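Chains as they are written, first to last, in our numbering: chain Z, 1 to 287; chain U, 1001 to 1276.
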């Protein structure tokens, strides 16, 4: 952990420098515009301080995003509609539900593909085809159709998360469940083990390293799905709504703080799976 | 034996008649269809293995020794001829859990302890929990791994892992032990030690053992019967009944009798090569 700290900080510092420089470059036209209308000559320090402090900048400076984050997380009550924690929770709940549904569906399909030859030949092409459809195109339809049958709120968003997250689980689990070698399967055969016994005692434990890797990808995909699912609902609540609302009113600082929040959320979720993965595989003697 | 009798009757006849072979192969053929044309893994192989025999199969790669063992275990289907194990087909013998099979690699599950690994076939066979524990303890003693029950495979040396895998094959009390080069990946010293232990184990348990090996000294040291095989097509070229006594200290390998048997095995292997 400590060994990777210095490289990470170096990269962060580098990004910070580029970000501040880009903010000056992108926001300068508006600063010059204002100065011209006011009839004043803009010095370089004045230009820099203006580009880093505009209300609706093209690219907000990092400290502006930081201030917005601080204001909307720590200084607002979490029940407030203006609290980013509240919106993050809305997105998180859809992400987690979609992730659980997607993982379940993914495992079921993988088991079917591994044990049933017909499913092996027929399901996989559909699974792959499902991921070639742009989610942005299909998300509004899912929301509208489910709304028409009286399902709204959390579940439609979770369905979109599921749609994205089941895919890596299917692919990973098919590979994982097939990872035992010919000798291990022959061994099971010499004991006259049933297919179910081979599954529970050999295939499933052997698939665990693949499973956790799939879960990490599925979790990230699930978060993207939940945010996309919030866009067509008319921007009521959630990080997706903050993104959309921000773009309606040109609130770039709000957009960026929602983005940072989403990234932090993804990092936390994927990191949590990583910790569970390490502990589990170590206990199983597989890491 | 009346060919028209159904198999159940035959089983009974064989089990009650002493001296009938545990494994009997008649005119066994096995041809693999590959992209490069058919490969004759076994051609007209006939052999009897009596109860309590220790039979070694020796020959160069491709002579079909492993394939023959796998046919006995119902892991390969012969394309011609017949083979019986305990008087029934290999498939029925497998379903009756008549044999324990030891593979070249120990194949222990890393997520199970040594005890857990040995318990695995017992769990699959539905043996009661209390008895499982008792059997695990007993077979671990048998392979001199008492006290290692709670260790994980990675905590054991290669030789110890292979002993654990033998213990696992013994745990469900099959009368037949099929071993496919179980010590092939181990060094000479460990191998000598395991050979000695295997002989003791065989003496104590009275199992019928079929043992595939590459090593002439190993085959001669262990066996009551040595089957020499040669490749393309895989066939038996010589069957040697060992004149060595049942009691075999390691230094028996320096006696003239031992060297004579070893010589005959070597001759048999050479003869198999000259036919090509």
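Cβ atoms here follow ideal geometry from the backbone N, Cα and C, with glycine treated the same way.
Only a predicted model underlies this, so the values are computations on that prediction, with no experimental measurement involved.
- Nearest C-alpha to residue 1137 (chain U) among U:1128, U:1148, U:1127: U:1148.
- The three-state reading of DSSP puts residue 1180 (chain U) in strand, counting E and B together.
- Looking from the CA of residue 173 (chain Z), the closest CA among Z:204, Z:15, Z:276 belongs to Z:204.
- Contacts between residue 1072 (chain U) and chain Z, judged by CB atoms closer than 7 Å, are missing: the closest CB pair is about 11 Å apart.
- Among the CB atoms of chain Z, none fall inside 8 Å of the CB of residue 1184 (chain U).
- Here residue 201 (chain Z) is buried, its C-beta having at least 16 other C-beta atoms within 10 Å.
- Closer than 8 Å to the CB of residue 1210 (chain U) there is not a single CB belonging to chain Z.
- Residue 1210 (chain U) carries a strand assignment under DSSP once its states are collapsed to helix, strand and coil.
- Annotation: residue 1178 (chain U) to residue 96 (chain Z) spans about 51 Å, alpha carbon to alpha carbon.
- Where residue 1084 (chain U) is concerned, the enclosing beta strand (DSSP E) starts and stops at 1080-1085.
- The three-state reading of DSSP puts residue 1239 (chain U) in strand, counting E and B together.
- Among the residues facing chain U, residue 285 (chain Z) is included, as its CB has a counterpart in that chain under 8 Å away.
- Residue pairing by DSSP places residue 1030 (chain U) opposite U:1042 in a beta bridge.
- Taking a cut-off of 8 Å for Cβ pairs, the segment 138-154 of chain Z and the segment 78-87 of chain Z do not touch, as fewer than three such pairs fall below it.
- DSSP places residue 151 (chain Z) outside both helix and strand once states are collapsed to three, so it counts as coil.
- Interface criterion not met: the Cβ of residue 72 (chain Z) is under 8 Å from no Cβ in chain U.
- Taking the CA atoms as reference points, residue 1068 (chain U) sits about 25 Å from residue 1244 (chain U).
- Under the DSSP definition of a beta bridge, residue 1057 (chain U) partners with U:1212, U:1227.
- In this structure residue 230 (chain Z) touches residue 240 (chain Z) by the C-beta definition: roughly 3 Å separates them, less than 8 Å.
- About 19 Å separates the CB atoms of residue 1156 (chain U) and residue 1195 (chain U); that is not less than 8 Å, and the two are not in contact.
- A Cβ-Cβ contact shorter than 8 Å links residue 183 (chain Z) with residue 1105 (chain U).
- Here the alpha carbon of residue 1241 (chain U) sits roughly 48 Å from the alpha carbon of residue 114 (chain Z).
- Judged by DSSP in its simplified three-state form, residue 1130 (chain U) adopts helix.
- According to the DSSP assignment, residue 1100 (chain U) belongs to no alpha helix (DSSP H) but to the beta strand (DSSP E) extending over 1099-1102.
- Closest by C-alpha distance to residue 1164 (chain U), out of U:1270, U:1116, U:1233, U:1047, is U:1116.
- Annotated as proximal: residue 253 (chain Z) and residue 64 (chain Z), with beta-carbon spacing under 8 Å.
- It is roughly 8 Å from the alpha-carbon of residue 1108 (chain U) to the alpha-carbon of residue 1114 (chain U).
- Assignment of residue 1048 (chain U) by DSSP, reduced to helix, strand and coil, places it in the strand class.
- Annotated three-state conformation of residue 1023 (chain U) is strand, per DSSP.
- Taking 7 Å as the cut-off between beta carbons, the residues of the segment 179-207 of chain Z near chain U are 183, 184, 186, 187, 189, 190, 191, 192, 193, 197, 201, 205, in sequence order.
- For the segment 1124-1138 of chain U, the residues whose beta carbon sits under 8 Å from a beta carbon of chain Z are, in order, 1124, 1125.
- Judged by their CB atoms, residue 1171 (chain U) and residue 1121 (chain U) are nearer to each other than the 8 Å cut-off.
- CA-CA distance, residue 157 (chain Z) to residue 208 (chain Z), rounds to 28 Å.
- Here residue 1257 (chain U) is exposed: its Cβ has fewer than 16 other Cβ atoms, across all protein chains shown, within 10 Å.
- By the neighbour-count criterion, in which 16 or more other beta carbons inside 10 Å mark a residue as buried, residue 222 (chain Z) falls on the buried side.
- For residue 1087 (chain U), the closest of U:1098, U:1078, U:1077 by C-alpha to C-alpha distance is U:1098.
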